[in-house]
Amino acid sequence: MRRFPVAGKCGATNGGEVKGNILTIVVRWGAGLALCAGLATIALAQDDAASEIAALNEQAAKLDPEDYRFVQPVCTRCHTPSMFLHSRTWSEWQGVFNQMNGYGAVAAPQQWDHIYKYFQHSLTLIDVNHADEDELSSVLGIDERTAIAIVQRRADRKFDSAADLESVPGVNKGLIEPLKPRLLFDHPL
Ligand code: HEC
Numbered sequence: 253m254r255r256f257p258v259a260g261k262c263g264a265t266n267g268g269e270v271k272g273n274i275l276t277i278v279v280r281w282g283a284g285l286a287l288c289a290g291l292a293t294i295a296l297a298q299d300d301a302a303s304e305i306a307a308l309n310e311q312a313a314k315l316d317p318e319d320y321r322f323v324q325p326v327c328t329r330c331h332t333p334s335m336f337l338h339s340r341t342w343s344e345w346q347g348v349f350n351q352m353n354g355y356g357a358v359a360a361p362q363q364w365d366h367i368y369k370y371f372q373h374s375l376t377l378i379d380v381n382h383a384d385e386d387e388l389s390s391v392l393g394i395d396e397r398t399a400i401a402i403v404q405r406r407a408d409r410k411f412d413s414a415a416d417l418e419s420v421p422g423v424n425k426g427l428i429e430p431l432k433p434r435l436l437f438d439h440p441l
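Per the numbering used here, numbering through the sequence shown is continuous, rising by one, with the last residue being 441.
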């Protein structure tokens, strides 16, 4: 945490040269005190902001610690994780990445792969009845065969719930459980 160096010197600033009449001294002393109080408030606010950012990073890392190692240096350079800790559809995320790229977000192709994975696994909403195979497999974390099985089954009958989705062979119940808030069934996007 970087503090304003001046904040630590409060009190010392008025100890020096006692020149002029008593009024000047009082005025100077008063102004010095006000300045000290102001700087102390800034230092405190910085501490608050730093701990809030640390808490947000912790929350973001919990979703997928391995990939967040790549997200954090790239995506928290200009703003805090609060900007991106909300689920969106994959096409919306792609729009965000393009936008951030335009603002100057830089990452090596390999880093981008981890960043994509992080958002797909943790913060992407999926329309189970319309998403294509690639999106199903990356967002749900299933293999291609299982994704094909989902597409075939919904051609006959659309899915209406997480339980319904779990009836597809290869769809792991334990895997689907944490994804439930991000599964969309009746709202074509
Ligand atoms: C070079 C600076 C910079 C970097 C790096 C950066 N962003 Fe941003 N981001 C911005 C700015 C500036 C805004 C505000 C834009 C606005 O208000 O329209 C923003 C806004 C956002 C928003 C909100 C967009 C909206 O329209 O709701 C999201 C989500 C976001 N960033 C995600 C990310 C992600 C994910 C990364 C890492 C891949 C990232 N940002 C990296 C500068 C950056």
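Ideal Cβ positions, reconstructed from N, Cα and C, are used throughout, including at glycine.
Per-residue DSSP class, three states only, for residue i
i, result
"glycine 263", "The pLDDT assigned to glycine 263 is 45, lower than 50, so where the model puts this residue is not dependable; a value taken from the coordinates is nonetheless given after this. Coil."
"aspartate 365", "helix"
"isoleucine 378", "strand"
"glycine 332", "This sequence places threonine at residue 332; glycine is not what is there. Threonine 332: coil per DSSP, three-state reduction."
"arginine 405", "helix"
"leucine 337", "coil"
Identity of the residue in the options nearest residue i by Cα
i, options, result
"valine 423", "Gly354, Arg405, Ala359, Asp365", "Arg405"
"aspartate 365", "Phe322, Gly354, Ile305", "Phe322"
"leucine 308", "Thr328, Glu429, Asn350, Pro433", "Thr328"
"methionine 352", "His338, Cys330, Tyr370, His373", "Cys330"
"methionine 335", "Ala312, Asn350, Ala359, Pro430", "Ala312"
"glutamate 318", "Trp342, Glu396, Ile367, Glu418", "Ile367"
"serine 413", "Glu429, Asp395, Ala407", "Glu429"
"alanine 415", "Ala407, Ile400, Lys432, Val403", "Lys432"
"aspartate 395", "Lys410, Leu427, Tyr370", "Leu427"
Test item: CB-CB of residue i and residue j under 8 Å
i, j, result
"glutamine 362", "valine 326", "no"
"valine 420", "threonine 398", "yes"
"serine 389", "aspartate 316", "no"
"isoleucine 378", "leucine 417", "no"
Any non-hydrogen atom of the ligand ZN within 7 Å of residue i CB
i, result
"tyrosine 355", "No copy of the ligand ZN appears in this structure; the ligands present are the ligand HEC."
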